[in-house]
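When we follow the working numbering, the leftmost residue of the first sequence carries the number 728, and every step to the right adds one.
The beta carbon of each residue, even a glycine, is placed where N, CA and C say it ideally should be.
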Amino acid sequence: MSGPAPAVPDHFIDEIIKADIASGRWGLGGQGGLGRGGVAGGVAGASVQTRFPPEPNGYLHVGHAKSICLNYGLAQKYGGKFNLRFDDTNPEKEEQEYVDSIIRDVKWLTSAFGGSFDSGNHAGGLFYASDLFGLMYDYAVELVKKGLAYVCELPAEEVSKRRGTPAIPATSPFRDRPAAESLKLLDEMRRGVHPDGSMTLRAKIDLASPNFNLRDPVMYRIVHEKHHNTGTDWCIYPMYDWAHGFEDSFEKVTHSICTLEFENHRPLYDWFINAVNQGRTEDGSGPWGKTIWHSRQIEFAKLQLNYTVLSKRNLLRMVSDKVVRGWDDPRMPTLSGMRRRGYTPAALRAFCEEIGVTKTDSVIDIGRLENAVRADLNKRSPRAMSVLRPLKVVIENWPAGKVDELDFVINPEDPAAGTRKVKFSGTLYIEREDFMEEPPKKFFRLSPGQEVRLRWAYFIRCTGVEKDSAGNITAVRCTYDPATRGGDAPAGPNGEPPRKVKATLHWVSAEHAIAGEVRLFDRLFKAEFPGERTGKWEDDLNPDSLTVLTDAKLDPVLATAKPGEAYQFERLGYFTVDPDSAPGKPVFNRTVSLKDDWAKLAAKGG
RNA sequence: UGGGGAUUGGUGUAACGGUAGCACGACUGACUCUGACUCAGUUAGUCUAGGUUCAAAUCCUAGAUCCCCAGCCA
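Written out as structure tokens, the structure is:
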């Protein structure tokens, strides 16, 4: 895939990083923790160490792509490292399948940067929050001993009731119990003595804080559930706020980048690190040893796309309710769905860089994503001619049985791709919509009496149509001009300029074309903001989001195409081979159509 | 009603007291063996009201609108 980073304009996070570098903020960064496979995260004298911290409770989507590209791009730009870290602190929702898919998707996407979390110059490594459960537990014990945490025996509903309001402080009758008592109960919690929900460990911060996150947040809850990584080793699990800062700390993350909704959590993030560091010193001479790494949390606005649903909860519903065929359905905004559809890592990277990074909530037009895909595929895709909805063309004056071989330019955007041969004969297929018996004004494709060019082949002129008893057109009759072989008209006998033709059509030879299935996708939702009207995105589903064409006539060159390969079907769009393909039965996904001024004109003209 | 954020053309994003720029879209046109690509041009913006200043998108004051927060989710 592509290598060095193109020039991307600086954004507010660049400015923060540059200021940090200038002030030497992270200059003393030592070696970070050791990730899976012995790869060390955290660089000595680091300028940046970033990470992408997904929870393995679903498949990654294009919103995550923005975060991955941001974090990887920063590591690359400033010569730092990038980690993939599973924020796997909730066994009730997390599964190995999701872990596997996330690893696959992150590797795939970051290939656009020429490396990944486990390869290349910016590989920081693979980490699991759950590998740190022991460390976090030790910190929790430390906080209890420091009088900064306590075991609270209020049930969840009761905590909720006692949460208070902006004006009324929260309460807990267990807040001032002796540390020794909390220590004993915490140990019992961990050993499985107590049932789920019977008690929690809470931080002792400020029950009256206007920021509810600081009203003695829960650090540990009891969950007797098997964890995908730690199995049954634990029956207490750390909450996000308690765990996240230590994950960053262990990996010596410099800039802990998250989305806007965590802005309210930053005081808590800092409080927990500071609480552990209370009584610790740089040289370890304090009563609690050495200070731990304190990352800097920075929040940015997550990606929002119109005509799209982007929340793991809803995507999960779409999969489990079978609205789509699975997480990798090509209509899904998941990375696996987009990969299957034919979107490339380079296109997603370009898209993420084009839309910028800010703190402003904004909605990106889905067309921007499609444009990025077109731009990338245009450069790299070999061309082919395939007919999606075939209409037979009979060349009346073509010598019976003759087959011609013509030169076809494989990719006009890439002369190095060269040419290949295409076979032409007396019976062809063209696109049904390229013929009109009674054409409107601006239609300059084939119609009775009209002459067009067949790409790289001959000029043909329509002499008539054949119809069935119901009046449907079954074939178009034409004559060809042998002098236009290759697709260019010769100059006139007296030096007149060659005659021109307004339209060039794609075609396939009926005898040589191969049969195939083509799947066309439209957006999954008809409404710009699904669910905005009724509160249910189901009400805005597009019933026509999938069209399967089983009678396509494909370019013979596609017979050996392999899953994942992308072609431009000339005048139609970019098409990628689906894994459902079988030998002799190729299946193509339309990744994205070409821009189509004629369709726009026709729609406008009515 | 408490706290935390945000607000620049249709959309996204720059400008950090000194010419409001770029990209996408839309619209014109050129080119074209893909009605694609490419190229040229047009279009259109500082949330409001005051103030400071020679000069304000930028600083100050007041207001408006939108987003996030009262899970033992992340």
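Does the beta-carbon of Ala1127 have 16 or more other beta-carbons within 10 angstroms, so that it is buried, or is it exposed? Exposed, because fewer than 16 other Cβ atoms sit within 10 Å of the Cβ of Ala1127.
Between Gly757 and Lys979, what straight-line distance do the alpha-carbon atoms span, to the nearest angstrom? Any answer about Gly757 is weak, because its pLDDT of 40 lies below 50 and its placement is not dependable; what the coordinates show is given next. Approximately 8 Å between the Cα atoms of the pair.
Nearest neighbour of Pro1310, chosen from Val1319, Thr1154, Phe1135 and Ala1286 [CA to CA]: When each option's Cα is compared against that of Pro1310, the closest is Ala1286.
Presumed contact (8 Å Cβ cut-off) between Leu995 and Pro937, rounded CB distance: Contact flag wrong, Cβ pair sits at about 13 Å.
Please identify the residue among Phe1186, Arg812 and Thr816 whose C-alpha is closest to the C-alpha of Phe844. Of the candidates Phe1186, Arg812 and Thr816, Arg812 places its Cα closest to the Cα of Phe844.
Does Arg929 pass the burial test, meaning 16 or more other C-beta atoms within 10 Å, or should it be called exposed? Classified as buried, Arg929 has 16 or more neighbouring CB atoms from the shown chains inside 10 Å of its CB.
Between Ile963 and Pro922, which are expected to be in contact by the criterion C-beta below 8 Å, what is the C-beta distance as a whole number of angstroms? About 12 Å separates the beta carbon of Ile963 from that of Pro922, a gap too long to meet the 8 Å contact definition.
Note down, one range per segment and in chain order, each alpha helix (DSSP H) of at least 4 residues found wholly within the segment 994-1041. Complete alpha helix (DSSP H) runs here, min 4: none at all.
For Ala792, collect the residues of the same chain with a Cβ closer than 7 Å to its Cβ; drop the 5 residues on either side in sequence, then sort them by chain order. Taking Ala792 as the centre and dropping the five residues before and after it, the same chain places the C-beta of Leu836, Leu1062, Leu1075 and Cys1079 closer than 7 Å to its C-beta, in chain order.
Does DSSP put Ala1218 in a helix, a strand or coil? In the displayed model, Ala1218 falls within coil according to three-state DSSP, outside both helix and strand.
Of the residues Gly1053, Leu1281, Arg1044 and Lys1148, the one placed nearest Glu1383, counting alpha carbons only: The question about residue 1383 has no answer here: the residues shown for the chain are numbered 728 through 1333.
Determine whether the beta carbon atoms of Phe860 and Ala1111 lie at a separation below 8 Å. No.
Is His738 helix, strand or coil by DSSP? Of the three classes helix, strand and coil, the one that applies to His738 here is coil, per DSSP.
His849 classed as buried or exposed, judged by whether at least 16 other C-beta atoms fall within 10 angstroms: Counting every other CB atom within 10 Å of its CB across the protein chains shown gives His849 a total of 16 or more, marking it as buried.
Can you say whether Thr1071 is buried or exposed, counting buried as having 16 or more other CB atoms within 10 angstroms of its CB? Buried, because 16 or more other Cβ atoms sit within 10 Å of the Cβ of Thr1071.
What's the gap between the Cα of Pro781 and the Cα of Asn1199? Answer to the nearest angstrom: the Cα atoms are 56 Å apart.
Using 8 Å as the threshold, is the C-beta distance between Leu934 and Pro896 below it? Contact: yes.
Exposed or buried, which one is Arg1298 when buried takes at least 16 other CB atoms within 10 Å? Buried: at least 16 other Cβ atoms inside 10 Å.
Status (buried if at least 16 other CB within 10 Å, exposed otherwise) for Ser1108: Residue environment for Ser1108: buried (at least 16 other C-beta atoms within 10 angstroms of its C-beta).
Beta-carbon spacing of Pro736, Lys953 below 8 Å: For Pro736 and Lys953, no; Cβs fall outside 8 Å.
For Glu821, which residues in the same chain have their Cβ closer than 6 Å to its Cβ, ignoring the five residues on either side in sequence? Closer than 6 Å at Cβ, skipping near neighbours: Pro783, Asn784, Asp815 and His955.
Could you tell me the alpha carbon to alpha carbon distance between Lys1029 and Leu987, rounded to whole angstroms? One C-alpha to the other measures close to 7 Å.
Return the CA-CA distance between Lys1150 and Asp1131, expressed in angstroms with no decimal places. For the pair Lys1150 and Asp1131, the Cα-to-Cα distance works out to about 6 Å.
Rounded separation between Leu755 and Arg778 - CA only: The pLDDT assigned to Leu755 is 45, lower than 50, so where the model puts this residue is not dependable; a value taken from the coordinates is nonetheless given after this. When rounded, the distance between both Cα atoms is 19 Å.
How is Phe844 classed by DSSP in three states: helix, strand or coil? In this structure, Phe844 counts as coil in the three-state DSSP scheme.
Counting C-beta neighbours from all protein chains within 10 Å, is the total for Val1036 16 or more, i.e. buried, or is it exposed? Buried: at least 16 other Cβ atoms inside 10 Å.
How would you write the range of the alpha helix (DSSP H) that Lys793 sits in, first residue to last? Residues Val789 to Lys804.
For Tyr1207, which residues does DSSP report across the bridge? Tyr1207 is bridged to Ile1187.
Identify, in the order they occur along the chain, each residue of the same chain with its Cβ nearer than 7 Å to the Cβ of Gly730, setting aside the five sequence neighbours on each side. Residue placement at Gly730 cannot be trusted, given a pLDDT of 36 that sits under 50; the coordinates are not used to answer.
With a 10 Å radius around its C-beta and 16 neighbouring C-beta atoms as the bar for buried, classify Leu1032 as buried or exposed. Around the beta carbon of Leu1032, 16 or more other beta carbons lie within 10 angstroms, which makes this residue buried.
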